[in-house]
Amino acid sequence: YNIRRYLNNAHIKAIYYSMIYSKIKYGILTYGLTTSTNLNKVQIIQNKLLKVITNQKYRTPTNDLHNSLEILKVKDILIQETLGFVHNFTHNKLPIIFNNYFRKFYDIHDRNTRNRNNFIIPRSKTVLGSKTIKYIGTVTWNALDQNIKLIDNIKKFRLSWKKNILPY
Numbered sequence: 104y105n106i107r108r109y110l111n112n113a114h115i116k117a118i119y120y121s122m123i124y125s126k127i128k129y130g131i132l133t134y135g136l137t138t139s140t141n142l143n144k145v146q147i148i149q150n151k152l153l154k155v156i157t158n159q160k161y162r163t164p165t166n167d168l169h170n171s172l173e174i175l176k177v178k179d180i181l182i183q184e185t186l187g188f189v190h191n192f193t194h195n196k197l198p199i200i201f202n203n204y205f206r207k208f209y210d211i212h213d214r215n216t217r218n219r220n221n222f223i224i225p226r227s228k229t230v231l232g233s234k235t236i237k238y239i240g241t242v243t244w245n246a247l248d249q250n251i252k253l254i255d256n257i258k259k260f261r262l263s264w265k266k267n268i269l270p271y
């Protein structure tokens, strides 16, 4: 608790990214697509840890902490990692087994429509089907700005997405 007095925001963010973010990010594409109840449990843990490392009271709104430290929430980390997966797919940086994982409209027909370069959203008959990487990845990728989709470097892509989507 007393460490906050000796560190500035940059050092606190470094501690957060080394000790907390890395553990949240690890496997989020697997456990992040679970029920919202389970995902909220991880969010609560993240919020408590942010309050501890910033020496805030129990009732402090966590949105302010996320904004002031420019730290992503758990759901935002999930979206960022899902978009990173789709980005790697579009730039052929995934193993061959994923070659036919996503399909674009131009794979089906050769008409020149405005959504020609978008992915076909897979049909989902259940709520569980709408929580797959394939479904969430296509929906979020199709909603992205075209300039962001064209960025080749994954680090620049994630930074650009973070700057354009998030309020801080």
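The sequence shown begins at 104 in this note's numbering and counts up one residue at a time.
Just so it is clear, CB atoms sit at the ideal spot from N, CA and C, and this is done for glycine as well.
Item, Value
"Cβ contact (3+ pairs, closer than 8 angstroms) linking the region 226 to 234 and the region 176 to 194", "no"
"Among T185, K237 and I257, the one whose alpha carbon lies nearest that of K207", "K237"
"Check whether N250 and N221 have beta carbons under 8 angstroms apart", "no"
"Bridge partner(s) assigned by DSSP for F222", "K207"
"Length of the line joining the Cα atoms of S121 and T235", "28 angstroms"
"Within 8 angstroms, strictly: CB atoms of G187 and I127", "no"
"Contact between the region 153 to 162 and the region 109 to 123 (3+ Cβ pairs under 8 angstroms)", "yes"
"Where the alpha helix (DSSP H) containing Y119 begins and where it ends", "N112 to Y119"
"Rounded straight-line distance, which links the Cα of V242 to that of Y204", "14 angstroms"
"Exposed unless 16 or more other CB atoms sit within 10 angstroms - verdict on G130", "exposed"
"Beta strand (DSSP E) runs contained entirely in the region 121 to 186, provided each spans 3 or more residues", "none"
"Cβ neighbour criterion (16 or more within 10 Å) applied to T140", "exposed"
"Rounded Cβ spacing between N153 and L168 (contact assumed at less than 8 angstroms)", "It is worth fixing the name first, because residue 153 is Leu in this sequence and not Asn. Sure, about 5 angstroms apart at Cβ, within 8 angstroms."
"Buried or exposed (CB count within 10 angstroms, at least 16 for buried), T247", "The sequence shown places Leu at residue 247, rather than the Thr named in the question. Under this definition L247 is a buried residue."
"Straight-line gap, T185 to T163 (C-alpha atoms, nearest Å)", "30 angstroms"
"N- and C-terminal bounds of the alpha helix (DSSP H) containing S263", "I257 to I268"
"Where H190 falls: helix, strand or coil (DSSP)", "helix"
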